[in-house]
Amino acid sequence: MPELPEVETTLRGIRPRLEGRRIDRLLVREPRLRQPIPPETAALVAGQTVGSLSRRSKYLLIGLDRGSLILHLGMSGSLRVVDAESPPKRHDHVDLALSDGHCLRFHDPRRFGLLLWSEDSPELAGLRHPLLSRLGPEPLDAAFDGGHLYRLSRQRRVAVKSFLMDAAVVVGIGNIYANESLFLARIHPARACHRIGLDRYGRLVEVVRAVLQASITQGGTTLRDFVKDDGNPGYFAQSLRVYGRAGEPCVQCGTPLRQQRIGQRSSFYCPRCQH
DNA sequence: AGCTCAACCTGCTGGC
DNA sequence: TGCCAGCAGGTTGAGC
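In this note's numbering, the protein residues as written are 25 to 299.
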C-alpha cells in the first residue's frame, strides 16, 4: 500500500488526532516486525506527550518529550485512529493509546513495518539515525534536481529505474511511480543511468514531482477518511498509465505495453515511446 | 564502490 | 472446490 503519497496522506490524516495528546500507553501485541520492537519501548514512551509529526522519506517521525518514535509502514502497513476500546483485528500489531480515549492502531499483515524509539528529536534523528542518515534528498525539495541525478549517475551503470529507486539517490520513489515517471519522461526503464544527459534528467525530475504531487492530491481523495476505513486501492489503478498494464495499448501510441524485470522489480513500459 | 540477490512475511490470484 | 506456484506498493545486508 504505502508509497510516498500514501505515507504523506497518512501523516496529514493522523497529525491533528495526535499532536498535543499524551500517550497513556503503548500496547504491543506483536513485536516481530522487520526489526523487532524492543521490549523496553512501551515503558519509555508511556506518559510522554506528542509534540510534532513529520516525515522523512517513507518514515513517519513522532516527536515526543524526550525523543522520537520512528515508524515505517513497510509493504502492507497502515495506520488508523480508532476508539481505544474497539476490538483489534488480525494483524493489528500495535496500539498507541492516547489520553483522549482514542488510539493510533498499526496494522501490518506482512510485518515489513518498523517501530523504533530514538532519544533524538525528530530533526536530530533525521540526521543521525542509521536508518535515516544516509538518505538522499526528498523528491519535492529543491535539492532534488537534474544536476543531482546527472552527477550521481556518472560513475554508475545500473538501469535508470533502479537508480531512481535507490534511496541514497532520492527517497520516496517506489515501484509504481518509478514506472509512471519514466513513461512520462519517455525514458526506457532499462537504460543505463550514465547514458542519460543533464537535460533529460531535468525533465525526469519535473515529471517525478508532478506525478507525486498529483497522487498526493489523489491519495488524499482516496484515503481522506482512512480514520474510518482503509481507503480504496482500486481507485489509484485508474490513473496509472503503465503500471500493471502489460499487453494493454499505450495511451500515447497504442503499442502494447511490455513488462520486464529490472532489479528484481516488475517494470512496465512502452517499447515505442520510451528509449 | 557498485551491483545482485536473498531475506523478512502474509494474502491474493490464476492455472490446473 | 482445492491445491500450488507466483506475485505484491519496501528495505537491509551479505557476498561478489
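Quick reminder that beta carbons are idealized off the backbone N, C-alpha and C, glycines included.
Sub-8 Å separation of residue i and residue j beta-carbons
{"i": "L57", "j": "R135", "result": "yes"}
{"i": "S92", "j": "L85", "result": "yes"}
{"i": "L28", "j": "D119", "result": "no"}
{"i": "A149", "j": "I47", "result": "no"}
{"i": "Y83", "j": "L95", "result": "yes"}
{"i": "L228", "j": "A191", "result": "no"}
{"i": "L42", "j": "L128", "result": "yes"}
{"i": "S291", "j": "Q284", "result": "yes"}
{"i": "T33", "j": "G243", "result": "yes"}
{"i": "A66", "j": "R49", "result": "yes"}
{"i": "P112", "j": "R53", "result": "yes"}
{"i": "V31", "j": "L97", "result": "yes"}
{"i": "A216", "j": "R175", "result": "no"}
{"i": "I38", "j": "V105", "result": "yes"}
{"i": "G101", "j": "G137", "result": "yes"}
Buried or exposed by the 16-neighbour rule on C-beta atoms within 10 Å, applied to residue i
{"i": "A108", "result": "buried"}
{"i": "P63", "result": "exposed"}
{"i": "R79", "result": "buried"}
{"i": "Q288", "result": "exposed"}
{"i": "S177", "result": "buried"}
{"i": "F87", "result": "The question names Phe, yet the displayed sequence has Gly at residue 87. When all chains shown are included, G87 counts as buried."}
{"i": "T279", "result": "exposed"}
{"i": "G44", "result": "exposed"}
{"i": "D223", "result": "exposed"}
{"i": "P40", "result": "exposed"}
Distance, residue j Cα to residue i Cα
{"i": "R157", "j": "R233", "result": "Residue identity differs from the one stated: residue 157 is Ser in this sequence, not Arg. S157 and R233: Cα-Cα distance of roughly 23 Å."}
{"i": "G301", "j": "S81", "result": "Missing from the structure shown is residue 301; the chain here goes from 25 to 299 and no further."}
{"i": "C294", "j": "R265", "result": "10 Å"}
{"i": "H218", "j": "G226", "result": "14 Å"}
{"i": "S110", "j": "F130", "result": "13 Å"}
{"i": "G196", "j": "V184", "result": "15 Å"}
{"i": "L77", "j": "M189", "result": "25 Å"}
{"i": "P26", "j": "S123", "result": "28 Å"}
{"i": "R152", "j": "F187", "result": "24 Å"}
{"i": "Q179", "j": "V235", "result": "27 Å"}
{"i": "Y267", "j": "A202", "result": "9 Å"}
{"i": "I286", "j": "I200", "result": "13 Å"}
{"i": "P146", "j": "P213", "result": "35 Å"}
{"i": "L173", "j": "V194", "result": "9 Å"}
{"i": "G171", "j": "I211", "result": "17 Å"}
Beta bridge counterpart(s) of residue i as assigned by DSSP
{"i": "F292", "result": "Q283"}
{"i": "S123", "result": "DSSP, once it has assigned bridges, lists no residue as partnering S123."}
{"i": "Y83", "result": "R80 and H96"}
{"i": "A216", "result": "A183"}
{"i": "F130", "result": "L103 and V118"}
{"i": "P273", "result": "P280"}
{"i": "G91", "result": "L88"}
{"i": "R46", "result": "T73"}
{"i": "S142", "result": "S92"}
{"i": "L51", "result": "D119"}
* Asked: With contact counted as at least three CB pairs below 8 Å, one residue from each stretch, are the stretch 160-170 and the stretch 263-280 in contact?
  -> no
* **Cβ pair count under 8 Å reaching 3, the stretch 275-294 against the stretch 202-214** => yes
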